[in-house]
Amino acid sequence: MFTQGRGPAGATIASRLSRSKTAPSVLLLEAGGPNADPQLRLLAQRFQTFMTPSMSWGYKTEPQAVKNGHNGGVVDYSRGKGLGGSTAVNFACWTVGPKEDYDEWARIVGDDFFNWNHATERRKRFEAYVVPENAEHAKYVEPVKEVHGSSGPVHVEVPSKWAKDVSFSLDAMEEAGLKINKDLNSGDVIGAAICPSTSSNSWRSTAATEFLQDTPKNLTILTDTQATKIIFNGKKATGVEANGKIYSSNKDVIISAGALDTPKLLLLSGVGPEEEITKHNIPMVHSLPGVGRNLGDHPFNFTLLQIRDDLNDLSQLADQAFAEAAKKQFIESGTGAYAQAYGIVIMAFNNATEELLSSPEFKALPPDVQAHICKRNVPVIEWINLAPPVPPAFDQTKTYLPACQVLMSTQSRGTVTLASANPDDAPICDPKIMTHPFDLLNYKLGMKALLKVLRSDAFARNTMSWVLAPRSDSHEDIMDHCAQTIATAWHMSCTAKMGRADDEMSCVDTDFMVRGLEGLRVADMSVTPFVFNCHVQSVAYTIGETAAERLIAEYALDG
Ligand SMILES: Cc1cc2nc3c(=O)[nH]c(=O)nc-3n(C[C@H](O)[C@H](O)[C@H](O)COP(=O)(O)OP(=O)(O)OC[C@H]3O[C@@H](n4cnc5c(N)ncnc54)[C@H](O)[C@@H]3O)c2cc1C
Numbered sequence: 003m004f005t006q007g008r009g010p011a012g013a014t015i016a017s018r019l020s021r022s023k024t025a026p027s028v029l030l031l032e033a034g035g036p037n038a039d040p041q042l043r044l045l046a047q048r049f050q051t052f053m054t055p056s057m058s059w060g061y062k063t064e065p066q067a068v069k070n071g072h073n074g075g076v077v078d079y080s081r082g083k084g085l086g087g088s089t090a091v092n093f094a095c096w097t098v099g100p101k102e103d104y105d106e107w108a109r110i111v112g113d114d115f116f117n118w119n120h121a122t123e124r125r126k127r128f129e130a131y132v133v134p135e136n137a138e139h140a141k142y143v144e145p146v147k148e149v150h151g152s153s154g155p156v157h158v159e160v161p162s163k164w165a166k167d168v169s170f171s172l173d174a175m176e177e178a179g180l181k182i183n184k185d186l187n188s189g190d191v192i193g194a195a196i197c198p199s200t201s202s203n204s205w206r207s208t209a210a211t212e213f214l215q216d217t218p219k220n221l222t223i224l225t226d227t228q229a230t231k232i233i234f235n236g237k238k239a240t241g242v243e244a245n246g247k248i249y250s251s252n253k254d255v256i257i258s259a260g261a262l263d264t265p266k267l268l269l270l271s272g273v274g275p276e277e278e279i280t281k282h283n284i285p286m287v288h289s290l291p292g293v294g295r296n297l298g299d300h301p302f303n304f305t306l307l308q309i310r311d312d313l314n315d316l317s318q319l320a321d322q323a324f325a326e327a328a329k330k331q332f333i334e335s336g337t338g339a340y341a342q343a344y345g346i347v348i349m350a351f352n353n354a355t356e357e358l359l360s361s362p363e364f365k366a367l368p369p370d371v372q373a374h375i376c377k378r379n380v381p382v383i384e385w386i387n388l389a390p391p392v393p394p395a396f397d398q399t400k401t402y403l404p405a406c407q408v409l410m411s412t413q414s415r416g417t418v419t420l421a422s423a424n425p426d427d428a429p430i431c432d433p434k435i436m437t438h439p440f441d442l443l444n445y446k447l448g449m450k451a452l453l454k455v456l457r458s459d460a461f462a463r464n465t466m467s468w469v470l471a472p473r474s475d476s477h478e479d480i481m482d483h484c485a486q487t488i489a490t491a492w493h494m495s496c497t498a499k500m501g502r503a504d505d506e507m508s509c510v511d512t513d514f515m516v517r518g519l520e521g522l523r524v525a526d527m528s529v530t531p532f533v534f535n536c537h538v539q540s541v542a543y544t545i546g547e548t549a550a551e552r553l554i555a556e557y558a559l560d561g
């Protein structure tokens, strides 16, 4: 048995399989290094870690149509590299998404194994969800205990110490008309809520710290080992090539390299759309039109308000000496400014408005997509307050409220293709952000609604100035601001999607087996049939757990 890629999906599978009763031999190959320095796991630095060059693949998108803005429309498309994969560099927000998304996945693929109830039971096995009891915070946060795990390996917490702006921001959202959702991870995501983080006592937890410690002898982990080709005997995968060596497998090869590198490896190995493979003179192994297609993501834009100085303490950290001392104090004693800086993000997920639902853009969507968007807990827009930190170009001694918009229920789809047959070349990533008319309208209506909230008295009376925002609600000003701040939330998905046999774009079946091949599975964010309406690391862990459960049953690994 062999798995490749050490992100949340790959690490979960390798850990579960190797710890099963029959203890099969599992080899895990990871292209990056060990990411061993604990200082790279400070939650207070969660928004900067991805800029550490050794921990990122450093990908960028092709110029996007929302252009004429910064960088000519080229958007950062980082992926985590090394132990923990993207969980070692991500923003550590933990959201599991709406229950209806899981049921929709089950409906699309025709298998109840993927529905909310089953997924919740699986998540409870790997989750350790901690919300400290605190009378002051009870107004804002109260977990629905039945849907959370308490003793799994993946640590999720609401830090016990809150910065001042947390309650300010939630109170203002409530006053502006949003409902407070005390547990956005109950399956009901709608409303303004505290978002827990993947951390323990403000130290980031990663797929590696959670699944790859104290590993059993039958699990071998090789770092700095990039798989460059899958080896086939006819239509059967028998191993992979990495660092000029062949690693053979007598059972399955499982690819968990993430939604950009999994299609890249499949294409390099001759599996994918014929025209894409032959154009690089790669020998064709198997035609699969969906590989590298359907790339979906969540576009992300931000606005910035300067607010009253007494509303948070983060400006202290602009003083280099103060920041160094705070970091030292936190590392030595777990206390001080670093124990609460950037500890909490506030999220507000919103349903579609009547205006969106009555638009021609909505009515042109396929009937099943329309039906899904109309469901109770399915959001079309997410707003984020208190993150990310203010870019260095702005005066760091001032106090700010970043307020962002993340597009949900996205319909735009792009591609991942090869730049060449050389495995060292980055893939060509073109997510075609907001090219679908529904996404464009949804973005504009969402941004107008966000501006209305930020202009409401609750925010206005605490706002000193608008630093970054559309100049007006006009189409031109909203799109101009969009072009200036466009990014994605790095939720790349669907590039080797799971689907039914009669869906010609389906790449894997519900056993994660690559269609038309033997001994080859894909289990990572590539396989989701649509872009989940949440921050997706929880989905990647769930995919790993689901694939492991299927394999353990198929090979009777638990005896
Ligand atoms: C900057 C950033 C911020 C994010 N913020 C959040 C957030 O706050 N909340 C959230 O829920 N999600 C967030 N995400 C997304 C989330 O982290 C990912 O969706 C999730 O980690 C994907 O898991 P995966 O297992 O599919 O792939 P990955 O986590 O990307 O893991 C893939 C692994 O495979 C390895 N690999 C790739 N190619 C090869 C090869 N050829 N050979 C061997 N190994 C290979 C990679 O080095 C990596 O270790 C963020 C992502 C990024 C990049």
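Per the working numbering, residue 3 is the first one in the sequence shown, and the count goes up by one each step.
Built from N, CA and C at the ideal position, the CB exists for glycine as well.
Here the structure is a predicted model, which is why all the values come from computation and not from measurement.
Considering only C-alpha positions, which residue in the set Tyr-79, Trp-107, Gly-12 is nearest to Thr-512?
Start at 1 with the first residue of the sequence shown, and residue 512 comes out as number 510. For the residues Tyr-79, Trp-107, Gly-12, the minimum Cα distance to Thr-512 belongs to Trp-107.
Nearest by alpha-carbon distance to Met-466: which of Gly-112, Trp-205, Thr-63, Asp-311 is it?
For this step, residue 466 is matched to residue 464 along the sequence shown. Selected option, being the one with the closest Cα: Asp-311.
Name the DSSP bridge partner or partners of Ser-474?
Residue 474 sits at position 472 when you count from the first residue of the sequence shown. Paired residue(s): none; Ser-474 is not in a bridge.
Quick check on the burial criterion: 16 or more other C-beta atoms within 10 angstroms. Buried or exposed for Pro-368?
Position 366 of the sequence shown, counted from the first residue, corresponds to residue 368. That one is exposed.
Under three-state DSSP, which class holds Ile-15?
Within the sequence shown, residue 15 is the residue found at index 13, counting from 1. Residue state, collapsed to three classes: helix.
Expressed to the nearest angstrom, what Euclidean distance is found between the alpha-carbon atoms of Tyr-249 and Lys-400?
Translated into the one-based positions of the sequence shown, residue 249 becomes position 247. Translated into the one-based positions of the sequence shown, residue 400 becomes position 398. Each residue's alpha carbon lies about 55 angstroms from the other.
Should Lys-281 go down as buried or exposed, given a rule of 16 or more other Cβ atoms within 10 Å for buried?
Counting from one through the sequence shown, the residue named residue 281 turns up at place 279. Classification for Lys-281: exposed.
Just to confirm before moving on: does the CB-CB distance between Cys-536 and Val-347 stay below 7 angstroms?
Counting from 1 along the sequence shown, the entry for residue 536 is found at position 534. Counting from 1 along the sequence shown, the entry for residue 347 is found at position 345. Not a contact, by the Cβ cut-off of 7 angstroms.
I'd like to know if the segment 293-312 and the segment 404-419 are in contact, where contact means that at least 3 CB-CB pairs between them fall below 8 angstroms.
As far as the Cβ criterion goes, the segment 293-312 touches the segment 404-419, which means the pair count is three or higher.
Identify every run of the beta strand (DSSP E) within the segment 480-530, keeping only runs that are complete inside it and at least 3 residues long; order them along the chain.
DSSP runs (the beta strand (DSSP E)) wholly in the segment 480-530: 522-524.
Just checking my contact of His-139 with Leu-519 at CB under 8 angstroms: how many whole Å lie between their CB atoms?
On the sequence shown, residue 139 is found 137 positions in, with the first residue counted as 1. On the sequence shown, residue 519 is found 517 positions in, with the first residue counted as 1. So it is not a contact: roughly 51 angstroms between Cβ atoms.
Between which two residues does the beta strand (DSSP E) harbouring Asn-387 extend?
What you label residue 387 is simply residue 385 of the sequence shown in a count that begins at 1. That run of the beta strand (DSSP E) goes 383-387.
Closer than 6 angstroms by C-beta to Ser-528: which residues in its own chain qualify, once you throw out the five before and the five after it? Chain order, please.
Mapped onto the sequence shown, residue 528 falls at position 526. Same-chain partners within the cutoff: Ala-261, Thr-264, Thr-497, Ala-498.
In chain order, which continuous runs of the alpha helix (DSSP H) of length 4 or greater are located wholly inside the segment 316-383?
322-335, 356-359, 362-365, 369-375, all fully within the segment 316-383.
On the DSSP bridge assignment, give the partners of Pro-404 in chain order.
In the sequence shown, the residue the question calls residue 404 occupies position 402. Per DSSP, Leu-306.
Can you give me the C-alpha to C-alpha distance between Val-382 and Pro-394, rounded to a whole angstrom?
Position 380 of the sequence shown, counted from the first residue, corresponds to residue 382. Position 392 of the sequence shown, counted from the first residue, corresponds to residue 394. Looking at the two C-alpha atoms, the distance is approximately 31 angstroms.
So what does DSSP say about Glu-144, is it helix, strand or coil?
Your numbering for residue 144 matches position 142 in the sequence shown. Coil at Glu-144, not helix or strand.
I'd like the list of long-range same chain contacts for Gly-84, defined as Cβ closer than 6 angstroms, with 5 residues on each side in sequence excluded.
Numbered from its first residue, the sequence shown carries residue 84 at position 82. Same-chain partners within the cutoff: Gly-34, Gly-35, Asn-37, Met-57.
Do Phe-93 and Tyr-543 come within 7 angstroms of each other at the CB atom, strictly closer than that value?
One-based indexing of the sequence shown puts residue 543 at position 541. One-based indexing of the sequence shown puts residue 93 at position 91. No, these two residues do not count as a Cβ contact at 7 angstroms.
Mind checking who Leu-297 pairs with in its DSSP beta bridge?
Mapped onto the sequence shown, residue 297 falls at position 295. BP columns for Leu-297 point to Gly-416.
Can you tell me whether Gly-35 sits near ligand 1, meaning its C-beta is under 6 angstroms from at least one heavy atom of the ligand?
Numbered from its first residue, the sequence shown carries residue 35 at position 33. Answer for Gly-35: no, Cβ out of range of ligand 1.
Taking the alpha-carbon positions, what's the Lys-450 to Arg-109 distance?
Counted from its first residue, the sequence shown places residue 450 at position 448. Counted from its first residue, the sequence shown places residue 109 at position 107. C-alpha separation (whole angstroms): 34 angstroms.
Where do the ends of the alpha helix (DSSP H) carrying Val-2 lie?
There is simply no residue 2 to check, as the chain begins at 3 and stops at 561 in what is shown.
Could you tell me whether the segment 451-464 touches the segment 144-158, where touching means 3 or more Cβ pairs closer than 8 angstroms?
No, the segment 451-464 does not touch the segment 144-158.
Taking the C-alpha atoms as reference points, what is the distance between Glu-212 and Glu-363?
Your numbering for residue 212 matches position 210 in the sequence shown. Your numbering for residue 363 matches position 361 in the sequence shown. Their backbone Cα atoms lie some 43 angstroms apart in a straight line.
My parser needs the beta strand (DSSP E) runs of 3 or more residues fully inside the segment 172-245; what are they?
Counting only runs of 3 or more, we get 193-197, 221-224, 229-235, 238-244.
Taking only the alpha-carbon atoms, compute the straight-line gap between Asp-78 and Arg-517 and give it to the nearest angstrom.
In the sequence shown, counting from the first residue as 1, residue 78 sits at position 76. In the sequence shown, counting from the first residue as 1, residue 517 sits at position 515. Approximately 32 angstroms, taken between the alpha carbons.
Going by the C-beta, is Gly-345 closer than 6 angstroms to any heavy atom of ligand 1?
For the purposes of this step, residue 345 is identified with residue 343 of the sequence shown, where counting begins at 1. No; taking the cut-off as 6 angstroms, the Cβ of Gly-345 has no heavy atom of ligand 1 nearer than that.
Quick check: Asn-314 and Asp-167, are their CB atoms within less than 7 angstroms of each other?
Walking along the sequence shown from the start, residue 314 turns up at place 312. Walking along the sequence shown from the start, residue 167 turns up at place 165. Cβ atoms of Asn-314 and Asp-167: closer than 7 angstroms.
Are at least three pairs of beta-carbons, each pair with one atom in the segment 266-276 and one in the segment 226-236, less than 8 angstroms apart?
In short, these stretches touch, since the Cβ pair count reaches three.
Under 8 angstroms: do the segment 49-67 and the segment 170-178 share three or more Cβ pairs, one atom per stretch?
As far as the Cβ criterion goes, the segment 49-67 does not touch the segment 170-178, which means the pair count is below three.
Between Arg-81 and ligand 1, is there a pair consisting of the residue's CB and a ligand heavy atom that are separated by less than 6 angstroms?
Along the sequence shown, one-based indexing puts residue 81 at 79. Indeed, a heavy atom of ligand 1 lies less than 6 angstroms from the Cβ.
According to DSSP, which residues form a beta bridge with Leu-44?
Locating residue 44 in the sequence shown gives position 42, where the first residue counts as 1. The partner list for Leu-44 (beta bridge, DSSP) reads Trp-205.
Can you look up Trp-118 in the DSSP assignment and give me helix, strand or coil?
What you label residue 118 is simply residue 116 of the sequence shown in a count that begins at 1. Note: Trp-118 maps to helix in three-state DSSP.
With burial defined as no fewer than 16 other Cβ atoms inside 10 Å of the residue's Cβ, what is the status of Gln-342: buried or exposed?
Here residue 342 refers to the residue found at position 340 when the sequence shown is read from its first residue. Buried, since its Cβ has 16 or more Cβ neighbours within 10 Å.
I'd like to confirm something about Asp-526: is its beta-carbon nearer than 6 angstroms to some heavy atom of ligand 1, or not?
If you number the sequence shown from 1, residue 526 lands on position 524. Answer for Asp-526: yes, Cβ within range of ligand 1.
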